[in-house]
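Below: one structure, written as structure tokens.
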Amino acid sequence: MCLIIIAIDVHPQYPLVIAANRDEYYHRPTAPLAFWDDMPDVLAGRDLAGGGTWLGISRTGRLAAVTNYRDPAHQDPEARSRGLLITRFLAGSTPADVYFKNLINAGENYNGFNLVAGDMGRLWWMSNVSKEIKELTPGISGISNRLLDTPWPKIETAKSRLRSVLASGSAIDVEDIFNLLTDTAAPQDRQLPDTGVGLEWERMLSPIFVASDIYGTRSSSVILYHHSGKLTFRERTWQVPSPRPTPIETRRVDLDIRPEPVFRKKQINGLKKLSQ
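Read in order, the letters of the sequence shown are residues 140 to 415 in the numbering used here.
Given below as structure tokens:
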């Protein structure tokens, strides 16, 4: 994942809205959005090279997403797959803040990343680069290949456009969100960050929707969570390479999220301890 925009309590009917683009080399094998055969409670696309994912949810409403922290000078080709951090969280029951605290000390085993995890009520962010852990607050947050809310032009533009889509408070047209995720406008050179990849790559990576001969936006995702508990996850895959966004397929999965109440979970854990 190279761009994720998260709106919390911005729309009166949808307490959580997520818009995201996954950028990747075109040759890297990928499976589209689906429930996994080996983890039937996990709904996500799959990186067939590393075995993990970039964005996923569970049937009980656990959610996680990862973006790479761009720093070519500190890349370890032997590092563990960052996508497995998501599957481990989705398949488990550890609260996100506790999961992150446990992960902070093990973060050196991975190349730089941002990780968002939690449930439909609370989301947390962490980075193994800054070693920060924060709960996301109401409003619109954005992450690309630096830290949370780093004001890169693509982040600021995507946040502003999503805010406009949600501003009316009426029914959300998902195509409006997909449209913002296909914005190919590039900022001026003076607005580009210097992340160590060189000017040509900085230019190529700067739009919301990335396109080149070998690397670019492979898929876009939109998650809408309604206050009734209804969740819709859409993933649109793109033809690559292509000079302009050309959709191949859009997948949609609807879920009725009924996470286990925290109080009930504590009772069950307590009973298990008493019976041992």
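Where is the CB? At the ideal position from N, CA and C, for every residue including glycine.
Computed from a predicted model, the values in this text were never measured in an experiment.
Go ahead and label residue i buried or exposed: buried means 16 or more other beta carbons lie within 10 angstroms of its beta carbon, across all protein chains shown.
{"i": "T206", "result": "buried"}
{"i": "P179", "result": "exposed"}
{"i": "D418", "result": "Residue 418 is absent from the model: the chain starts at 140 and stops at 415."}
{"i": "K411", "result": "In this prediction, K411 has a pLDDT of 37, which is less than 50 and means its spatial position is unreliable; what the coordinates show is noted afterwards. Flag for K411 reads exposed."}
Does the separation of the CB atoms of residue i and residue j fall below 8 Å?
{"i": "N253", "j": "S266", "result": "yes"}
{"i": "M140", "j": "W193", "result": "yes"}
{"i": "I147", "j": "L275", "result": "yes"}
{"i": "K298", "j": "P346", "result": "no"}
{"i": "W291", "j": "P332", "result": "yes"}
{"i": "G184", "j": "A204", "result": "no"}
{"i": "T371", "j": "L363", "result": "yes"}
{"i": "A306", "j": "T323", "result": "no"}
So for residue i, helix, strand or coil by DSSP?
{"i": "T206", "result": "strand"}
{"i": "L275", "result": "coil"}
{"i": "A212", "result": "helix"}
{"i": "R219", "result": "strand"}
{"i": "T376", "result": "strand"}
{"i": "N253", "result": "strand"}
{"i": "T289", "result": "coil"}
{"i": "G368", "result": "coil"}
{"i": "I316", "result": "helix"}
{"i": "S414", "result": "Confidence at S414 is low in this model, with a pLDDT of 32, below 50, so the placement of that residue should be treated as unreliable; the coordinate-derived value is given next. S414 falls in the helix class under three-state DSSP."}
{"i": "V361", "result": "strand"}
With respect to the alpha helix (DSSP H) encompassing residue i, which residues constitute its N-terminal and C-terminal limits?
{"i": "D236", "result": "235-243"}
{"i": "T228", "result": "First, the amino acid is wrong: residue 228 is Phe here, not Thr. Note, F228: alpha helix (DSSP H), 222-230."}
Residue range of the beta strand (DSSP E) that residue i falls in?
{"i": "E388", "result": "386-395"}
{"i": "I144", "result": "142-147"}
Legend entry - Contiguous alpha helix (DSSP H) assignments of at least 4 residues, all confined to the region 320-358: Counting only unbroken stretches of 4 or more residues, the alpha helix (DSSP H) elements lying wholly within the region 320-358 are 338-344, in sequence order.
Legend entry - Runs of beta strand (DSSP E) wholly within the region 153-199 (minimum 3 residues, chain order): For the region 153-199, whole beta strand (DSSP E) runs of length 3 or above, ordered along the chain, are 155-164, 169-174, 181-186, 194-197.
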